[in-house]
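Peer 1:
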Amino acid sequence: MNFLEINKVLSNKVRVDILYWLKKPEDNFPPQINVPDFNNGVCVCHIQDKTGLSQSTVSHYLTMMHKVNVLTATRIGKWTYYKRNEEEILNYINSLRSEL
Numbered sequence: 001m002n003f004l005e006i007n008k009v010l011s012n013k014v015r016v017d018i019l020y021w022l023k024k025p026e027d028n029f030p031p032q033i034n035v036p037d038f039n040n041g042v043c044v045c046h047i048q049d050k051t052g053l054s055q056s057t058v059s060h061y062l063t064m065m066h067k068v069n070v071l072t073a074t075r076i077g078k079w080t081y082y083k084r085n086e087e088e089i090l091n092y093i094n095s096l097r098s099e100l
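Going by UniProt numbering, the residue at position 82 of the sequence shown is 82; the numbering climbs one at a time, nothing skipped.
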């Protein structure tokens, strides 16, 4: 885990909001058409709609979050679905407790 890189990613309110929304996707996103549930995550299009930001900005944010491993990505057809990586998030929180 790269502690400093995760800190950089989490220094943006929208990226923190995305993590918050993905914690309970069924409460924060509409039902998905191509998949029956949120087990594989939330489609990028729904995340983009919720943020109100451009597709390129949201894709960049999600890529950053994926690179530091706080999100996992699953490709289904032409769509990519993102969900939280709970294990990595817990490791990060535990590192905060022990390091600071």
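Beta carbons are placed, not taken as given, at the ideal position from N, Cα and C, and that holds for glycine.
Helix, strand or coil for V68, going by three-state DSSP, please let me know.
Peer 2: Looking up residue 68 in the sequence shown gives position 68. Coil at V68, not helix or strand.
Peer 1: Would you be able to state if there are at least three C-beta pairs under 8 Å between the segment 65-84 and the segment 39-53?
Peer 2: Touching, yes.
Peer 1: Let me make sure I understand the geometry here. Which of T51, S59 and K67 has the alpha-carbon closest to that of E88?
Peer 2: Within the sequence shown, residue 88 is the residue found at index 88, counting from 1. That would be K67, whose Cα lies nearest to the Cα of E88.
Peer 1: Is residue 102 near H46, with beta carbons less than 8 Å apart?
Peer 2: No answer is possible for residue 102: the residues shown for the chain start at 1 and end at 100.
Peer 1: Suppose the cutoff is 8 Å on Cβ atoms and the five residues either side in sequence are ignored; what does the same chain contact list for V16 look like?
Peer 2: Within the sequence shown, numbered from 1, the residue matching residue 16 stands at position 16. Cβ within range, chain order: L10.
Peer 1: Determine the DSSP secondary structure at I33, reduced to helix, strand or coil.
Peer 2: Your numbering for residue 33 matches position 33 in the sequence shown. Here I33 sits in coil by DSSP.
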